[in-house]
Structure formats: C-alpha cells, structure tokens
Amino acid sequence: MAGLTDKTITFFRDETVFSISLILAIISCFFIRPNQGYISYINWNTIILLFIIMVIVEILKNLAVFEVLVKKLLKKTANTRGLVAALVFSCFISSIFITNDVSLIMFVPFAVMALKKVQRADLIVITVCLQTIAANVGCMILPIGAPHNIVMYTQSNISFGSFFMILLPYILVSVAFLSVILCFIPKDDIVIHEMLEVQVDRKNFIKRVFRGVDYYLLLTFIALFILIGNLENVTFLSEIFKKWIIG
568 MAGLTDKTIT FFRDETVFSI SLILAIISCF FIRPNQGYIS YINWNTIILL
618 FIIMVIVEIL KNLAVFEVLV KKLLKKTANT RGLVAALVFS CFISSIFITN
668 DVSLIMFVPF AVMALKKVQR ADLIVITVCL QTIAANVGCM ILPIGAPHNI
718 VMYTQSNISF GSFFMILLPY ILVSVAFLSV ILCFIPKDDI VIHEMLEVQV
768 DRKNFIKRVF RGVDYYLLLT FIALFILIGN LENVTFLSEI FKKWIIG
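When we follow our numbering, the leftmost residue of the sequence shown carries the number 568, and every step to the right adds one.
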C-alpha cells in the first residue's frame, strides 16, 4: 500500500498539470453525465496537429538535427547571456510565422539541450519562461500568429496596417521587457567540452520516436476539452461566465 502511495505521489509530482486536469474533468462529469456528446467536446484537429508536431520534433532529435544546430549555435555565442538571448528571440521570430505553441514545442527542447551542453541547467527555467513570453509576443505581430488573432482580425474588419499599429505598443513594451530581463542573465563564458561527432542511431528508430512523444500532454488537452465542454453545459456556470465576460 505504501509503495502504491509513493508511486501515486511521484506520478502526481511528475505529471502535475495532467493530474489536475484529469481530476477537474472527472469532477465536471458529476454535473454532466458522460454521453456521446463528450466526443464533440474534443477538438481533434488540435490533438492530431499537436501529435504530428511532437513526432516531427522527435524525428529531428533522433536524427541528431538538434545536436548539429546546438553545435553551430554554441560556436557563434560568446557567453551565457548571448546564448539565452539567441534562444529567446529565436522563439520570438519563429512564432511570427508558425504560431506560438508550435514555436515552443520546437524550441524548448532545443534550449534545454543547448544549456545542458554547456552545463548551465540552472538557466533552463528562466530561459523557458522568457521563451514562453517571447512566443506569445511574436505571435501578435501577424494575424496568422495565433487562432485568437485570426478571429480578432476577421471579426474586426480592419486593415492589416491598423491591426499591426494597435498591437505595436504592446509588442514594443514586451520586447523591451524581455531585453531588460536578459540583462540580468549572467554573462559567463561558455565552457564547451569536447563534443563528439554526431552519430545517428538507426536501431529501433521508429520505436524511439513514438516513445518520445509526450502522450500525457495530449491527454491533458483532452481532459481540458472535456472540462470546458461540461462547464459550458452547466447552465448556472455558463451564465456566470457570460456575465463576467460581457461585464
């Protein structure tokens, strides 16, 4: 019994977001009895797209593409501040064209790998936080940067120039904020230990790719879709949300 409890605690600690999402989704099921409508709650296009992106990222990792790119990046950066800045603004620039979530899924593993290569795991948390901010700022620049941008752009019937000018002050303030925070990143010399020649292990390649996919992330999204779908069908909660949003 104690062993099962320890495993449960460990799982909850390792998969906190999924665990909380699942618990909330289960609680919501007491308000709306499970039925076939649950399937319609789930945006399967999002789930499939997320799965495909993660598979692509795993393929790149297993083909050592990230390793090669990390080596090139480390050769061109002189210190830790420059490295973190490059990782953060790579997220910013890419999110302009490929949306913020896709940018983060691709560049966060890359950042973790790069920082571990120079034995600066202590900078991973702050780097990922800044990457998240940068990705959300970058996706504001073009209407295609995020789904909510597309909705705002199409519903508002304003020109691209007007759309951009409305968001420009927020973009500039956010970029300035990122730049200020980056000034507090230690400007230490990068210590690059001898990097072995990159080799691709083709044995069990497909198995490693699919094993590397974060299935709990997919399940987290499914749990959240069910939770939101149920909340929308609880009348009194739906009315509260509408009044809160409309004001």
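Don't be surprised by glycine CBs; every beta carbon is placed ideally from N, CA and C. None of the values given here were measured: they were computed from a predicted structure.
>> So, at 8 Å on beta carbons, what are the nonlocal neighbours of V742 in its own chain, with the 5 sequence-adjacent residues on each side left out?
In response: F659, V704
> By Cβ distance below 7 Å, which residues in the same chain neighbour L745 in space, the five residues on each side in sequence not counted?
Replying inline: V655, L697, I700, A701
> D756 by DSSP, collapsed to three states: which one?
Replying inline: strand
> If you compare alpha carbons, which of L617, P601, N797 is closest to V780?
Replying inline: L617
>> Considering only the alpha carbon of each residue, which of R775, L786, I757 lies closest to A645?
In response: I757
> Can you tell me whether N799 is buried or exposed, with buried defined as 16 or more other CB within 10 angstroms of its CB?
Replying inline: One detail in the question is off: residue 799 reads as Glu in this sequence, not Asn. That one is exposed.
>> Is the beta carbon of S595 closer than 7 Å to that of N797?
In response: yes
> When we look at the beta-carbon of S588 and count the other beta-carbons within 10 Å, is it buried (16 or more) or exposed?
Replying inline: buried
>> Please state whether the Cβ-Cβ distance between M707 and I665 is less than 7 Å.
In response: no
> Taking DSSP as the reference, what is the three-state secondary structure of N800?
Replying inline: helix
> Beta-carbon separation of I694 and V651 under 7 Å?
Replying inline: Inspection of the sequence shows that residue 694 is occupied by Thr rather than by Ile. For T694 and V651, yes; Cβs fall inside 7 Å.
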